[in-house]
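Below: the structure, in structure tokens.
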Amino acid sequence: MFDLNNKFSELYQFHGRRISKRISASNIELIKNKFEEYSIDIDVIHSLNKQDYNLDLSLNNNFKKIIIEVGFGNGEYLISSSKKNPDFLYIGSEVYINGIAKVLKYITKYNVSNIKLCGINFLYLLNSLKFKTIDEIYVINPDPWPKKRHNKRRLLKRDSLISMNRLLKEDGKIFISTDSIDYFDEIKLAINSEKQFNKIIFGC
Numbered sequence: 008m009f010d011l012n013n014k015f016s017e018l019y020q021f022h023g024r025r026i027s028k029r030i031s032a033s034n035i036e037l038i039k040n041k042f043e044e045y046s047i048d049i050d051v052i053h054s055l056n057k058q059d060y061n062l063d064l065s066l067n068n069n070f071k072k073i074i075i076e077v078g079f080g081n082g083e084y085l086i087s088s089s090k091k092n093p094d095f096l097y098i099g100s101e102v103y104i105n106g107i108a109k110v111l112k113y114i115t116k117y118n119v120s121n122i123k124l125c126g127i128n129f130l131y132l133l134n135s136l137k138f139k140t141i142d143e144i145y146v147i148n149p150d151p152w153p154k155k156r157h158n159k160r161r162l163l164k165r166d167s168l169i170s171m172n173r174l175l176k177e178d179g180k181i182f183i184s185t186d187s188i189d190y191f192d193e194i195k196l197a198i199n200s201e202k203q204f205n206k207i208i209f210g211c
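Note that our numbering has the sequence shown beginning at 8, numbered continuously upward.
Encoded structure:
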């Protein structure tokens, strides 16, 4: 992952903290040695670099559903969901290295086959995937960037919601939650501006 970050640094850029000062040497080694084996980053980069190709995660697997969790943090919900639904494929999108290490440790310890990780900025992941191939997308409590001058950094805006919506199958859903009233109002306004957003389930 660190090699990919150095080579394709623009794909890994984002606003906010990427790594904690307290990450252990063993976790750094784990990511160096195992991340690419359990991630889709190389496939995403390949897709972004080809004009007429989009990554289809539904190919060559027997999973009943493909679900993306955006910003999984330390991975509690992602891990819990994967245990409950072993026949679903979960794509965990996260830029926080410590969270990636925690989930990667779980994957390698228990030989988990239904979680794949992505450390690339989620907006690039969106642009790499084939339309109408994803069953569900979860965005749980994204960073609200509460200071007004930072509002432009918020992940969920009209354009990103349109991109997410395009990935969904006909019966697909997007689940969004936030504990910020201000962010709630902004997302609600964006949702109400487009009839196509009827697949979004939103709560505060």
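All C-beta atoms in this analysis are idealised placements derived from N, C-alpha and C, irrespective of residue type, glycine included. All values reported here derive from a predicted model rather than from experimental measurement.
For F209, write down the residues that DSSP places opposite it in a beta bridge. I183
From the DSSP output, in three-state form, read off K72 for me. strand
For Y145, which three-state DSSP category applies? strand
F95: first and last residue of the uninterrupted beta strand (DSSP E) it sits in: F95 to S100
Considering just the uninterrupted stretch of the beta strand (DSSP E) at I122, what are its terminal residues? I122 to C125
Where S65 sits in the DSSP three-state scheme: coil
For I208, count neighbouring Cβ atoms within 10 angstroms of its own Cβ and tell me buried if that reaches 16, exposed if not. exposed
Closer than 8 Å by C-beta to L85: which residues in its own chain qualify, once you throw out the five before and the five after it? Chain order, please. E76, F79, Y97, G99, V110 and I122
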